[in-house]
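Residue numbers for the sequence shown follow this note's numbering, beginning at 4 and rising by one.
Where is the CB? At the ideal position from N, CA and C, for every residue including glycine.
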Amino acid sequence: MNTLEDIYRSSVSFAKGLGVTFKNFLRKPVTLQYPDERPVLPVGYRGIPALLSDKETGKARCTACGICARTCPLGLIKIDSVLGPDKKRILNDYTLEAGRCMVCNLCVESCPFDSLVMANDYELADYDPDKLYFHKDRLVELGRPYEHSDPFHVDEPKKAAAEAKPAGEAKPAGEAKPGPGGEGA
Ligand code: SF4
Ligand code: SF4
């Protein structure tokens with residue numbers, strides 16, 4: 004009796020195993036032939052913080068207020084600035100220690116001037132740790148593809164639909180922020 008039961012159980016288990024094998028055998032492969040094939044990144048993917056620039060002047064929108072540097076939990080952002088003749092800060096350099104960045108997005112969210120964006124780039128590794136200190140020019144280049152995008156790199160169609168609403172209706176929270184021409188802290 005026990006032997007028959009064992010044979011029955013083994014057969015059921017074997018059939019179940021074969022079922023899983025066949026199911027996966029017919030599936031489309033998920034392996035990508037990287038780097039010839041690239042993944043389609045999901046909306047909201049976080050690669051690295053980058054600087055947005057003014058679309059007319061091409062210069063970084065950053066006002067050197069330093070809020071992102073104070074917000075970063077790991078202290079990875081350093082701002083080098085001078086006080087201009089009109090008492091506004093002028094950004095000399097913006098350094099991000101990219102090798103330690105945990106892409107938490109807090110710096111992007113804290114920027115009151117929409118000067119930062121979370122870029123999609125993920126091929127940023129280097130053998131030389133010193134090259135993982137990204138400076139202003141490189142961060143501006145990384146941010147170029149997003150100059151006309153939602154700074155929070157979220158759903159473009161949603162934002163466009165919100166902007167198309169008739170006057171008087173509530174606008175998205177991001178629009179309440181001061182523009183890049185506003186004064187820094
Ligand atoms: S403007 Fe934004 S990116 Fe520039 S220092 Fe202030 S918070 Fe950072
Ligand atoms: S993403 Fe997070 S860890 Fe990286 S620089 Fe911004 S605040 Fe710091």
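* Under a three-way DSSP split, which group does Val85 fall into? -> If you number the sequence shown from 1, residue 85 lands on position 82. Correct three-state label for Val85: strand.
* Taking only the alpha-carbon atoms, compute the straight-line gap between Val33 and Met105 and give it to the nearest angstrom. => Your numbering for residue 33 matches position 30 in the sequence shown. Your numbering for residue 105 matches position 102 in the sequence shown. If I take the Cα positions, the gap works out to 27 Å.
* alpha helix (DSSP H) containing Asp3: first to last residue? -> Given that the chain is displayed from residue 4 to residue 188, the structure contains no residue 3 and the question cannot be resolved.
* Is DSSP giving Ala53 helix, strand or coil here? -> Sequence index remark: in the sequence shown, residue 53 carries index 50 (1-based). Ala53: strand per DSSP, three-state reduction.
* Between the beta-carbon of Ala67 and the beta-carbon of Ile82, is there less than 7 Å? -> For the purposes of this step, residue 67 is taken as the residue at position 64 of the sequence shown. For the purposes of this step, residue 82 is taken as the residue at position 79 of the sequence shown. Contact: yes.
* In or out: Ile10 buried (at least 16 other Cβ within 10 Å) or exposed? -> If you number the sequence shown from 1, residue 10 lands on position 7. By the 10 Å Cβ count, Ile10 comes out exposed.
* To do: Please name the residue, chosen from Lys31, Leu29, Val46 and Leu7, that lies closest to Ala122 on a Cα-to-Cα basis.
  => Sequence index remark: in the sequence shown, residue 122 carries index 119 (1-based). Nearest option by C-alpha distance: Val46.
* Cβ-Cβ distance between Arg64 and Ser113 below 7 Å -> Residue numbering aside, residue 64 sits at position 61 when the sequence shown is read from its first letter. Residue numbering aside, residue 113 sits at position 110 when the sequence shown is read from its first letter. The answer is no: Cβ separation not under 7 Å.
* **Endpoints, the beta strand (DSSP E) within which Leu1 is located** => No statement about residue 1 is possible, as the shown extent of the chain runs from 4 to 188 and does not include it.
* **Opposing strand residues paired with Met43 [DSSP bridges]** => Here residue 43 corresponds to residue number 40 of the sequence shown, with the count starting at 1. Correcting the residue identity first, residue 43 is Val in this sequence and not Met. In the DSSP output, where bridge partners are listed per residue, Val43 has none listed.
* Terminal residues of the continuous alpha helix (DSSP H) containing Gly72? -> Translated into positions along the sequence shown, residue 72 becomes position 69. Per the sequence shown, residue 72 should be read as Ala rather than Gly. Run containing Ala72: Ile70 to Thr74, per the alpha helix (DSSP H) assignment.
* Asked: Over what stretch of residues does the beta strand (DSSP E) that includes Leu77 continue unbroken?
  -> In the sequence shown, counting from the first residue as 1, residue 77 sits at position 74. Unbroken run through Leu77: none, as it is neither H nor E.
* Is it true that the region 96–103 meets the region 127–145, where meeting means three or more beta-carbon pairs spaced less than 8 Å apart? -> yes
* Based on the DSSP output, what are the partners of Arg92 in its beta bridges? -> Taking the first residue of the sequence shown as 1, we reach residue 92 at position 89. Bridge partners of Arg92: Leu86.
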